[in-house]
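Residue 917 is where the sequence shown starts when you use the working numbering, and the numbers rise one by one after that. All C-beta atoms, glycine included, are put in the ideal place defined by N, C-alpha and C.
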Amino acid sequence: MATPLYTRSLSAVDEAMTGNDELNQYAIPYGRTDLRQAIAGYYRRFYDFEVDAEEELTVCLGATEAMACTLRALCKPGDSVVLGEGSIRLGILILIFEPFHEIYPNQAAVFYLNTKYCRLYEGDDDEWHVDWDMLESRLQEGDVKCIVLNTPHNPTGKVFTKAEMTRIADLAVKYNAYVVTDEIYEHMIFEGEPHHIIASLPGMRDRSFIISAISKSASATGWRVGWVISPRKYTEIIRAVHDQMVLQSPSPMQFGTIAFTQLGDDYFKHYLPGKYQRRRDLLVPALRDLGFKVTTPHAAYYAFANFRGVPQLKDMSSWEASDYLVEHGVAGVAGANFCEKGSGRGDDCIRFCFCRTDDELKEAIARLRKALQRSFTFEYITITIHNMSNPPGGTASPPSWATAGGGENATRPRLSGWMVTGDQPSGHSQASTTVAGQRETGGPMDDFLPKLRQFLSIVDPDREKASSDEDLLRVLREYDTPNELFASLDKQKNPQHIRDFDHTHSPLPDGGPPTSSPDKKKRKRDEDSPDDSKEDDLSFIVPDDDDVTDTSDWSGGPTLPDGQKHGVFHIVDDPDYTASSSSSDPSPATSPNVSASPAPQRPVCMYGTKCYRKNPVHFKEFAHPWLDKNDNDDDATNVSTYHQLAVL
């Protein structure tokens, strides 16, 4: 449904302005009488809360000016408080819950007022909570004049429950503090408890100030119509400050706001919260898929998202991260902007706003996915194709795909007589084809595809030409933060059109790569910190010898134990190895140019790859179970070392 405010309020404004020039002139500075009466009726209707329109209500230039007038009316620069034993502390303080809307401390600073903060924290229950010990400790110091309470809360989307507000009210009474509530998102609550007014609680009517406006509920931020409901003794002071600051809210907009207060329950209870809940449910899951940690906002239209789980952003400040996203077409506000300056808090977050249209949000999500696809760092993979079929000094011949030996292995194509490594193995000639430079840092996955294509153009040019980008991405599926692109791809193993890779989809196993890995940057990983898996190399896993019972299973790639689902980078063969091609002998594939003969002196790893097992104790390079190994040293292996992709 279209927002009814515009069709109703604007038509009322148009009709009135053309028929009555009064709306083009000054109104009563503290608000038209009929508007103040309409606002009083609005509180009676929704909250059963009585407001004296003449003695307690002031119409202001939006909620921002209402807050400024209230803080200035309550506190004056140079105010002091008498503490114990006759000591005096200058500068009565305003206590603000953190994170906060940045306007609160900024307005306090304009009036030379001091602030202190009580932190909200994220619990394991997907909720934000008050640090009650900190709150009472701040109040016990005796210099807090007022508490600023924003509910529903910007930027977290928290809705303070009635129990929480009762506890805050009790502390305010106990420590003689006022409470100023910013309730501008009152009709945007998606689930849980409804909105409660702290002024309606026992002992709070004469120490509470209620601030609201039509800006958010009516999607009319430019109208600049807000109000403050105050204790009677402060009403005249607030009106005096308001009169000197801005004089009045625009006359025609005041008239139009009357229609807003009279909108039906369908708008306030269904349309408004339903619209923003739908948009929340569109944005928040997408952010989580990209690696953001978001405690579910239950109201308003903000997502306060921690980005330390997003590889591209994790080492940035919130200002740098927000700038990075702006460069990619998505605007967010740095989290540090919502916390005490210089505290470092909030610097791991960005506030996203989902008040845009559904189509705009979908476009923003698409831009985020493009900007935050996994980046690749290639460590020590000067990918060089080595011809293993010729002795030193021999002439390198083009690689070719060969059919494996008998039995089920006959269905598995493989590269014959060639290997890929970062170092030329001794005793073999080198084909001078380098695909990627050492330690080259790639950008998003799109930047890697040309390199992958270049590699395929060497080892299998016909297949490379026939493969789409989507085909190529199957071998490099994002491994820890699924997103819509990768989730939509076929997850089959061993795609026949990319025959030098075997890949399935799963997070990295616990334990990470071993520190003894040769020719690689050594890393240590705390096994107790699962988040570190995002920083580990994308090593490819194959099972230990004990996990392989039937070598014929290798025709479709290794049979991976439960919980181990990473593919194998298998692109090597060794012509020195020969074995029977009998289908009854489950031996590895052999090159077509090699006849059956006794086992070689130097065995081969057909799937030559660095690998590690789940919760590894030692680093191993897998060799087929029929190859000789040193039984006294379970870690010994005499297969070649091969380099693989590393993902940071």
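Assuming contact is defined by CB atoms lying nearer than 8 Å, are residue i and residue j in contact in what I supplied?
i, j, result
"residue 975", "residue 1170", "yes"
"residue 1127", "residue 1097", "yes"
"residue 1142", "residue 1276", "no"
"residue 1162", "residue 987", "no"
"residue 962", "residue 1072", "no"
"residue 1287", "residue 1266", "no"
"residue 946", "residue 1256", "no"
"residue 990", "residue 1061", "yes"
"residue 1118", "residue 1216", "no"
"residue 1174", "residue 951", "yes"
"residue 1106", "residue 1214", "yes"
"residue 1254", "residue 1203", "no"
"residue 943", "residue 1167", "yes"
"residue 1645", "residue 1075", "The requested residue 1645 does not occur in the structure, where the chain is confined to residues 917 to 1564."
"residue 1184", "residue 1134", "no"
"residue 1043", "residue 1211", "yes"
"residue 1021", "residue 1031", "yes"
"residue 1251", "residue 1234", "yes"
"residue 1111", "residue 1081", "no"
"residue 1165", "residue 1140", "yes"
Along the chain, where does the beta strand (DSSP E) containing residue i start, and where does it finish?
i, result
"residue 1032", "1030-1038"
"residue 1271", "Looking at the DSSP string, residue 1271 is not in any beta strand (DSSP E), and its letter there is neither H nor E."
"residue 973", "973-976"
"residue 1288", "It is not in any beta strand (DSSP E) - residue 1288 carries neither H nor E in the DSSP assignment."
"residue 944", "Per DSSP, residue 944 belongs to no beta strand (DSSP E) and is neither H nor E."
"residue 939", "Run containing residue 939: none; DSSP gives neither H nor E here."
"residue 1062", "1060-1066"
Let me check understanding here. Comparing Cα to Cα, which of the options lies closest to residue i?
i, options, result
"residue 1271", "1181, 1189, 1178 and 1204", "1189"
"residue 973", "1072, 1124 and 1137", "1124"
"residue 1192", "1218, 1179, 1130 and 1252", "1218"
"residue 1122", "1131, 1247, 1106 and 1148", "1148"
"residue 1093", "1111, 1070, 1112 and 1120", "1120"
"residue 1248", "1222, 1227, 957 and 1231", "1222"
"residue 1284", "1250, 1260 and 1242", "1242"
"residue 1115", "1167, 1240, 1065 and 1231", "1065"
"residue 1228", "1200, 1264, 1155 and 1211", "1264"
"residue 1144", "1212, 1130, 1134 and 941", "1130"
"residue 1232", "1262, 1199, 1205 and 1021", "1262"
"residue 1604", "1113, 971 and 984", "There is no way to answer for residue 1604, as the model of the chain reaches only from 917 to 1564."
"residue 959", "1201, 979 and 1178", "1178"
"residue 1136", "1156, 1154, 941 and 979", "979"
"residue 1051", "1013, 937 and 1140", "1013"
"residue 1201", "1140, 1180 and 1281", "1281"
"residue 1205", "1041, 1225, 1195 and 1187", "1225"
"residue 1157", "965, 1027 and 1019", "1027"
"residue 954", "1140, 1139 and 1172", "1172"
"residue 992", "1154, 1239 and 1182", "1154"
"residue 1197", "1180, 1278, 970 and 948", "1278"
"residue 1132", "1109, 948, 1070 and 1146", "1070"
Between which two residues does the alpha helix (DSSP H) holding residue i run?
i, result
"residue 1176", "1167-1177"
"residue 1017", "Note, residue 1017: premise wrong, no alpha helix (DSSP H); not H, not E."
"residue 1157", "1148-1161"
"residue 1087", "1078-1090"
"residue 1055", "1048-1056"
"residue 962", "949-963"
Is residue i close to chain B, meaning its C-beta is less than 8 Å from at least one C-beta of that chain?
i, result
"residue 954", "No chain B is present in this structure, which holds just one protein chain."
> With a cut-off of 8 Å, do at least 3 Cβ pairs link the segment 1031-1038 to the segment 1077-1089?
Replying inline: Judged by Cβ distances under 8 Å, the segment 1031-1038 makes no contact with the segment 1077-1089, as fewer than three pairs qualify.
>> Suppose only complete runs of 4+ residues qualify. What are the alpha helix (DSSP H) ranges in the segment 1170-1244, listed by chain order?
In response: List check, alpha helix (DSSP H) in window: 1188-1205 and 1234-1243.
> Is it true that the segment 1046-1059 meets the segment 1100-1111, where meeting means three or more beta-carbon pairs spaced less than 8 Å apart?
Replying inline: Cβ pair count under 8 Å is below three, so no.
> Taking contact to mean at least 3 C-beta pairs separated by less than 8 Å, is the segment 1054-1073 in contact with the segment 1009-1017?
Replying inline: Three or more pairs of CB atoms, one per stretch, sit closer than 8 Å, so the segment 1054-1073 contacts the segment 1009-1017.
> At which residue ranges does the segment 1093-1147 contain complete beta strand (DSSP E) runs of 3 or more residues, listed in the order of the chain?
Replying inline: You should have 1094-1098, 1124-1129 and 1142-1145.
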